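Let me begin by presenting the structure, written as structure tokens, before commenting on it.
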Amino acid sequence: MEEKRTRFSVKKGEKFGDALSGHDGVIAAKVGQTLHDLSDVSAEDSNCTPILLNSEEGIMILRHSGAHLLAQSVLQLFPKALPNAGPPTEDGFYYDIFMDPVSSETLTQIEKRMHDIASKKIPIVKKMLNKEELLRKFGGNKFKSERIAEKIPDGGKSTVYEQAEFTDFCTGPHVPHTGYLMASKLLSVSSAYYKGDENLEKMVRIYGTVFPTRKELDEFLELREEAAKRDHRKLGQEMDLYLFNSELAPGFPLYTPNGTIIRNELMKYMRELNSSRGWEEVTTPHVFKDEIWRKSGHFAKYKPNMFVFDLNGDGYGIKPMNCPGHITIFDRKVYSYRDLPVRYSEFGTVYRYEKSGEVGGLTRPRMFTIDDGHAFLRLDQVVEEILSILEMVKESSSKLFEEPELAFNLSLIDKQNPDNFLISYKCANCGTVTEMRKAAEGEIKCPSCSSERLSPDFTKWDDASNSLREALKRAGLSYREFPGDAAFYGPKIDIKARDAIRREWQISTIQVDFFMPANFGLYYVSADGKKEPIIMLHRAVYGSFERIMAIMIEGSAGKLPTWLSPHQVIIVPVNDSSSGYAEKINADLLSHGIRSSVDNSNDTVSKKIRTLHSLRPSYILVVGQKEVDEGSVTVRRKDNSQEKMPFKDFAKMVNDEIRERRFS
RNA sequence: GCCGCCGUAGCUCAGCCUGGUAGAGCGCGUGCUUGGUAAGCACGAGGUCGCGGGAUCGAACCCCGUCGGCGGCUCCA
18 MEEKRTRFSV KKGEKFGDAL SGHDGVIAAK VGQTLHDLSD VSAEDSNCTP ILLNSEEGIM
78 ILRHSGAHLL AQSVLQLFPK ALPNAGPPTE DGFYYDIFMD PVSSETLTQI EKRMHDIASK
138 KIPIVKKMLN KEELLRKFGG NKFKSERIAE KIPDGGKSTV YEQAEFTDFC TGPHVPHTGY
198 LMASKLLSVS SAYYKGDENL EKMVRIYGTV FPTRKELDEF LELREEAAKR DHRKLGQEMD
258 LYLFNSELAP GFPLYTPNGT IIRNELMKYM RELNSSRGWE EVTTPHVFKD EIWRKSGHFA
318 KYKPNMFVFD LNGDGYGIKP MNCPGHITIF DRKVYSYRDL PVRYSEFGTV YRYEKSGEVG
378 GLTRPRMFTI DDGHAFLRLD QVVEEILSIL EMVKESSSKL FEEPELAFNL SLIDKQNPDN
438 FLISYKCANC GTVTEMRKAA EGEIKCPSCS SERLSPDFTK WDDASNSLRE ALKRAGLSYR
498 EFPGDAAFYG PKIDIKARDA IRREWQISTI QVDFFMPANF GLYYVSADGK KEPIIMLHRA
558 VYGSFERIMA IMIEGSAGKL PTWLSPHQVI IVPVNDSSSG YAEKINADLL SHGIRSSVDN
618 SNDTVSKKIR TLHSLRPSYI LVVGQKEVDE GSVTVRRKDN SQEKMPFKDF AKMVNDEIRE
678 RRFS
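Here the first sequence stands for residues 18 to 681, where the numbers follow our numbering.
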């Protein structure tokens, strides 16, 4: 996928395709940052870069054309269908179409039609239409019409792309003809909401992909199958780590002894990290009375996701978050500015009633344990604390992931659409400052004079966002900003990791919160004896034990670092005459705290190795007469490489590896 | 909650279209085998086919409902 660096000159009035003729695999041209179809005529003399079919941008163009091909095929088979939009994605494309539900048989039919159209090598032609023409052309399709009305200014114009009878409103570019789309495949069908709004129309979303060649498509499909084998649900069963009982506890994981070993090792490590950075451990109840959830704002926003119950006339809620508990502990006494920061951590198990279609495996269970923490701070301590937490994230991920692939996102308020966020408003009439969330309040008025002349004050949001931004920069991390993704009470840093099939999951999070401390009236006493507001930081380093385990298991294909492995050593005696020696070295390893066992089953050596493989032990030691005589062991590693060494060397090696939490 | 696919032994799956009351491999048990690096041999046990209802002489199979799982959408740590 190497981009051709060479640039070519193109004359005014010349087609890019002509300027680049004779170069294989070119499907578009780029001038500056603008992509052009090969059929485009250059507006001036300039230099252009060829976009190769095999480049990242080339593939996106190919896939965008694939989406058009899909829509064309659907329309040929279902003339009443109304296509909405069909973008390329990371590994394919989809198209949202308003139509009757599509079965898997129909999907095959559509795919066949796509191949038919592709094999006809129909030219894809670009045309320029003004807004009136566009609206006339797509008048029968309310979704397209709405898009045109929104995107094109009055008197403006835009391009459409035609392939035979099919036309789509699109800025392109596209491949020159449908023959480029032979290696296409439809992958799945689902429903999606128009504009992502569950109150609007349901669209049929068809997913597919297309590659430059059949070979690449086959490789992609094979890779997907390989990834499915790394699914943590499958590996969790093979390795006997956890289970789900869908009848008795849907969405609730149950951990076996092996799975519990991993959790406990993760906890042990996090306790070390926590205490080295001043986090004290606390323990809070799983159940609180309704009053705390009203005060914290959870009932207002979160009640449908909570397990609640009544007992003897009192209402209770099982905790979906740990913050109210930590606040209750913090609030037990009065703090001087000298006492801060106060940092409370807890492996807090929370319960959230997720909707049926959202639950899945360890990545989205209804019960999970957060390595939670809440820091209670002065304003001037915020940046340092965020930095300290970012360092914890970096340190822990270096121990958990051999090749960390983490994305740091700065989730901010969207000042254009601030209704969903809690913000300060100042009354232009009487000067009162109040905090409100427009989406929850409806009409907003000044609480003291009822004036509607309220102007938003983003100072707190800006300060908090700048603190996060500064900490990210000082930590030397590259990150992306996402306006509108903030929590309703404040901006946050979200750290994401990918699972086996490259879905992103949020793991760590650092959130600045100035509203919840205010709800609970938290304050400290400053040097001049005044009450000052507490700033709170919510943080999770692993995120949840469930998700981090799923990500680690999928990322390593079950080959966990030795310190986390439930089976650090399994000893395989070749026959009964070496089993005494096997027991002896086993006892030695156990006495050093190494998780070791002897496979005494009545099987051949090769059978044992095959069977043990599914448990993903860190080391298998084969011992027979030779090893007994020498006091050695034959070490078989996770990568199946083998080496014979003196037992005491092996014991030291494993011991060091575990103690230093190394990968090998 | 919405759309598609799926639910048969501890696990992986066949049987369902074309109804006649269950089958394989692994695993498990017993015995033989003492085996040197990804399946040694034999025998055996194990299933109210997710659950409820309907049509049928008869349902794992057809129809309806329901619960659950998977992939997406929405939501979300």
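Beta carbons: idealized from backbone N, C-alpha and C, even for Gly. Predicted model, so just to flag it, every value in this text is computed and none were measured.
Per the DSSP secondary-structure output, Lys-168 pairs with nothing in a beta bridge.
CA-CA distance, Arg-486 to Met-409, rounds to 17 Å.
Within the segment 383 to 417, the runs of beta strand (DSSP E) at least 3 residues long that lie entirely inside it are, in chain order, 384 to 394. In the DSSP secondary-structure assignment, Cys-444 is bridged to Leu-471.
For His-40, there is no enclosing beta strand (DSSP E), as DSSP marks it with neither H nor E. Beyond the five residues adjoining it in sequence on each side, Glu-371 comes within less than 6 Å, by CB distance, of Arg-383 in the same chain, given in chain order.
Ranked by Cα distance from Leu-204, the options Gly-501, Asp-530 and Glu-122 are led by Glu-122. Nearest C-alpha to Pro-421 among Ile-512, Arg-231 and Glu-401: Ile-512. Its chain contains Ala-200 as the residues whose beta carbon lies nearer than 6 Å to that of Thr-230, once the 5 sequence neighbours on both sides are disregarded; these appear in chain order. The shortest CA-to-CA distance from Ser-63 to any of Gly-49, His-249 and Thr-176 is the one to Gly-49.
Assigned with DSSP and collapsed to three states, Glu-498 falls in strand. Judged by DSSP secondary structure, Arg-130 falls within the alpha helix (DSSP H) whose first and last residues are 121 to 136.
The three-state secondary structure of His-249, taken from DSSP, is helix.
Excluding sequence positions up to five before and after Val-639, its CB lies within less than 7 Å of the CB of Val-589, Val-591, Val-622, Thr-651 and Arg-653, all in the same chain and listed in chain order.
DSSP places Val-58 in no beta strand (DSSP E); its state is neither H nor E. Along the length of the segment 562 to 646, whole beta strand (DSSP E) runs at least 3 residues long occupy 586 to 590, 613 to 615 and 636 to 640, reported in chain order. Around the Cβ of Val-304, a 10 Å sphere holds fewer than 16 other Cβ atoms; the residue is exposed.
Judged by DSSP in its simplified three-state form, Ser-207 adopts strand. In the DSSP assignment, Gln-89 is bridged to no other residue.
The beta carbon of Ala-88 sits closer than 8 Å to the beta carbons of Pro-100, Gly-103, Tyr-112, Ile-114, Phe-183 and Asp-185 from its chain, once the five residues preceding and following it are set aside; these are given in chain order. Within the same chain, and ignoring the five residues on either side of Pro-302 in sequence, the residues whose Cβ sits closer than 7 Å to its Cβ are Gly-342. Judged by DSSP secondary structure, Glu-308 falls outside any beta strand (DSSP E) and instead within the alpha helix (DSSP H) spanning 307 to 313.
Annotated three-state conformation of Tyr-197 is helix, per DSSP. It is roughly 6 Å from the alpha-carbon of Cys-444 to the alpha-carbon of Arg-470. Taken in chain order, no unbroken stretch of alpha helix (DSSP H) lies wholly in the segment 205 to 243 with a span of 4 residues or more. With a cutoff of 8 Å on beta-carbon distance, Leu-79 and Tyr-197 are scored as near each other. In this structure, the alpha-carbon of Gly-374 lies about 12 Å from that of Pro-267. Within the model, the alpha-carbon separation for Asn-536 versus His-249 is close to 40 Å.
Selection Lys-219, Asp-214 and Glu-215 evaluated against Ser-207 yields Lys-219 as nearest (Cα-Cα).
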